[in-house]
Amino acid sequence: MQHAIPVETLGPQGQAMADAVQACVHCGFCLPACPTYRLLGEEMDSPRGRIYLMKETLEGALPLAEAMPYIDHCLGCVGCVPACPSGVPYGDLITSFRAYVTQNDGQSSSIG
1 MQHAIPVETL GPQGQAMADA VQACVHCGFC LPACPTYRLL GEEMDSPRGR
51 IYLMKETLEG ALPLAEAMPY IDHCLGCVGC VPACPSGVPY GDLITSFRAY
101 VTQNDGQSSS IG
């Protein structure tokens, strides 16, 4: 089942967040550049995994509470950005996603 990100409900950064998650081609080049992935070894603790979680959450397919532990593990070091051949603006994405979550905290168990 294909879901769509309802950008009109996500505020001023909605389209940028949607574009960023859709730009990821899931190649995995970001994984070795990510300190939390190197330490923990879990896919969802990698930029690729977090992008998947953000996409699923923004689409309303995943409860926010399930995604946030992994989102919170991101250090924001953006070591993944130069490793990404698709140019995913991960730093902007994680910052916008966290800001959106903070602004909408407590309103829903999922976004969207």
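Under the numbering used here, the residues of the sequence shown are numbered 1 to 112, in order.
Note that the Cβ used here is the ideal one computed from N, Cα and C, for glycine as well.
Here the structure is a predicted model, which means the values were calculated and not measured.
- Between S96 and Q15, the C-beta spacing is not below 8 Å.
- CA-to-CA, the gap between Y90 and K55 works out to about 13 Å.
- In the DSSP assignment, E66 falls within the unbroken alpha helix (DSSP H) covering L64 to H73.
- Counting along the chain, D105 sits inside no alpha helix (DSSP H), nor does DSSP assign it H or E at all.
- In the three-state scheme derived from DSSP, where H, G and I count as helix and E and B as strand, S86 is classed as coil.
- Here the stretch 25 to 35 lies against the stretch 69 to 85, with 3 or more beta-carbon pairs under 8 Å apart.
- Burial check for S46: the Cβ neighbour count within 10 Å reaches 16 or more, so the residue is buried.
- Sequence-distant partners of M44 (beyond 5 residues in either direction) whose C-beta falls short of 8 Å from its own C-beta, in its chain, are R50, Y52, L53 and Y70.
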